[in-house]
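Colleague: Heads up: the sequence shown begins at 0 in numbering that gives the first Met the number 0, then just goes up one per residue. The structure is given below, and queries will be raised subsequently.
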Amino acid sequence: MVNAAIVGLGWWGRTILTLLHGNAKLRIVKAIDVNPESAAIAREHGVAFASELDAALGDPAVQAVILCTPHTLHTDQIVRAATAKKHVFCEKPLSLSRADVERAVAACNANRVALAVGHERRFEPPMLEIQRLATAGALGTLLQIEANFSQNLFLSLAPDNWRLSSTEAPAGPMTATGIHMLDLSVGLCGPAKRVLATVRRLGSNLANGDTLAILVDFKSGATALISAILATPFDGRFAVYGSKGWVEVRDKSHPQDPKGWTLLKCLEAGTVETVDYGTAFAVRDNLEAFADAAAGRAPYAVPQEQMIWNIAALEAIFKSAASGNIETVA
Ligand SMILES: NC(=O)c1ccc[n+]([C@@H]2O[C@H](COP(=O)([O-])OP(=O)(O)OC[C@H]3O[C@@H](n4cnc5c(N)ncnc54)[C@H](O)[C@@H]3O)[C@@H](O)[C@H]2O)c1
């Protein structure tokens, strides 16, 4: 059993706290939030509460931290936790620049603690099947990805909410949903070479933009077309085209309330097969994979080089959305 502190009891911190009730691998023993009103949530869950991260970092009963805080805080919180010898699960994006994610990874490695990231989409059963098919060569050479992760949950946020700020969340929907599609793409295609991103405000009053289109050009020669919209009802779609076949996953619901997926698969024979997947809890599975890594039972499924490639491409997307130009990935 790994004892962890959860840091940030907002939307996602509460989602994780609830999901981990009675978990056999990971137990939340402390909750940290700068907002004193969050103490009531911790109390409801029977978890000790403090307002400073140091209260977790100085507690020998805490072996790990789960960071569910605003994006600009992630890198420093990862480094502080690693330096205190705590294993780190950090929500996405790990950092906002290549230099920062390298600093976070280096701190975890220097202190021999596990680092995991909130990219639960990788743990969804149809995505695991796509990864298996790609690795086995059943899709042939990977040619192109078409991905979309859209939602309208942010339309009800107050205009000054940090999730709508251009410093915390550059390029409109990118750090909310686009980053998951970028992570899946990097997981399949490797490091990106150049990107072109456009963000517009078309269907809302979100000052930072609501409609994002990205073209990612990978070093392998493959490309990804990523769409993320904050002004349309939920949609989740991830398609991979290869020289021997293609696959497409359609999500039945948002990851906060998983209801399953439909996988369309067309391999060499040319027949389209439909596979239905029921509810599965990828957010929990990702956290359990983190616990396994922290306990030394298994390496974490997302290699650190892919964490770095993802954030390097993210940084270039921020630049491209601001400049309107094709930007090289550092
Ligand atoms: N993996 C996913 O599918 C998913 C879904 C939603 C959000 N997220 C991620 O979760 C993180 C949190 O997002 P959210 O939507 O829950 O935001 P939120 O605003 O609802 O919650 C953030 C919480 O962090 C607290 N906080 C701020 N500064 C702090 C500090 N220095 N120390 C401790 N607590 C602090 C705030 O008081 C707040 O309670 C983000 O990284 C976001 O991208 C991931």
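All C-beta atoms, glycine included, are put in the ideal place defined by N, C-alpha and C.
According to the Cβ coordinates, are ALA297 and VAL1 closer than 8 Å?
Modeller: It is not a contact, given that the beta carbons lie outside the stated cut-off.
Colleague: Please classify ARG296: does DSSP put it in a helix, a strand, or coil?
Modeller: ARG296 falls in the coil class under three-state DSSP.
Colleague: Under 6 Å Cβ to Cβ from TRP308, same chain only, skipping five residues before and after it: list those, please.
Modeller: Same-chain partners within the cutoff: VAL185 and PRO190.
Colleague: For the 8 Å Cβ check, are there 3 or more pairs between the stretch 46-57 and the stretch 124-144?
Modeller: The stretch 46-57, when compared against the stretch 124-144, does not touch it at the 8 Å Cβ threshold.
Colleague: With 16 as the cutoff for other CB atoms within 10 Å, does HIS20 come out buried or exposed?
Modeller: Label assigned to HIS20: exposed.
Colleague: Just the Cα atoms here: how many angstroms apart are HIS253 and GLY235?
Modeller: One C-alpha to the other measures close to 8 Å.
Colleague: Helix, strand or coil for LEU263 per DSSP?
Modeller: In the structure shown, LEU263 sits in a strand (DSSP, three-state: E or B).
Colleague: Whether or not the stretch 222-231 and the stretch 145-164 are in contact is what I'm after, with contact meaning three or more pairs of Cβ atoms, one per stretch, closer than 8 Å; do they touch?
Modeller: Judged by Cβ distances under 8 Å, the stretch 145-164 makes contact with the stretch 222-231, as three or more pairs qualify.
Colleague: Looking at C-beta atoms only, is the number of pairs between the stretch 193-200 and the stretch 101-116 that lie closer than 8 Å three or more?
Modeller: Touching, no.
Colleague: Going by the beta-carbon positions, is the gap between THR82 and ALA106 smaller than 8 Å?
Modeller: Yes. Within cutoff.
Colleague: Ignore the nearest five residues each way along the sequence and tell me which others in THR222's own chain have a CB closer than 7 Å to its CB.
Modeller: Taken in chain order, the residues that qualify are GLN143, LEU214, VAL215 and ASP216.
Colleague: To the nearest angstrom, report how far apart HIS70 and GLU90 are at their CA atoms.
Modeller: Those two C-alpha atoms are separated by around 8 Å.
Colleague: Would MET173 pass as a contact of LEU205 if the rule is Cβ separation under 8 Å?
Modeller: Contact flag unset, no.
Colleague: In the DSSP assignment, find the alpha helix (DSSP H) that holds THR134 and state where it starts and stops.
Modeller: Where THR134 is concerned, the enclosing alpha helix (DSSP H) stretches over 124-134.
Colleague: Between PHE317, ALA175, LEU132 and ALA146, which lies nearest to LYS347 when the distance is taken from Cα to Cα?
Modeller: No answer is possible for residue 347: it lies beyond the span of the chain, which begins at 0 and ends at 329.
Colleague: Just how far apart, CA to CA, sit ALA55 and VAL87?
Modeller: Approximately 12 Å, taken between the alpha carbons.
Colleague: With a threshold of 6 Å on Cβ separation, who are the neighbours of LYS85 within its own chain once the five nearest residues in sequence on each side are excluded?
Modeller: So the qualifying residues of the chain are ALA63 and VAL64.
Colleague: How close, in whole Å, do the beta carbons of ILE414 and LEU286 come, if the pair is a contact with beta carbons under 8 Å?
Modeller: Outside the displayed span of the chain (0 to 329) sits residue 414, for which this structure offers no information.
Colleague: Tell me the DSSP secondary structure of ARG249 in three-state form.
Modeller: Of the three classes helix, strand and coil, the one that applies to ARG249 here is strand, per DSSP.
Colleague: Check for me: the alpha helix (DSSP H) holding LEU183 runs from which residue to which?
Modeller: Segment 178-188, the alpha helix (DSSP H) holding LEU183.
Colleague: Just to check, is the beta-carbon of ILE5 closer than 7 Å to a non-hydrogen atom of ligand 1?
Modeller: No, Cβ of ILE5 sits at least 7 Å from all heavy atoms of ligand 1.
Colleague: Going by beta carbon distance, what residues of the same chain come within less than 6 Å of PHE122, once the five residues before and after it are set aside?
Modeller: Only ALA281, ASP284 and ASN285 meet the Cβ criterion.
Colleague: Buried or exposed: where does ASP209 fall if 16 or more other Cβ atoms within 10 Å of its Cβ makes it buried?
Modeller: Looking at its Cβ environment, which holds 16 or more other Cβ atoms inside 10 Å, ASP209 is buried.
Colleague: Using the Cα positions of ASP23 and GLU128, report the straight-line distance between them to the nearest angstrom.
Modeller: Checking the sequence, you will find Ala at residue 23 rather than Asp. Distance between the alpha carbons of ALA23 and GLU128: 26 Å.
Colleague: So LEU262 and VAL271 are supposed to be a Cβ contact under 8 Å. How far apart are they, rounded?
Modeller: The pair is not a contact, with the Cβ atoms about 11 Å apart (cut-off 8 Å).
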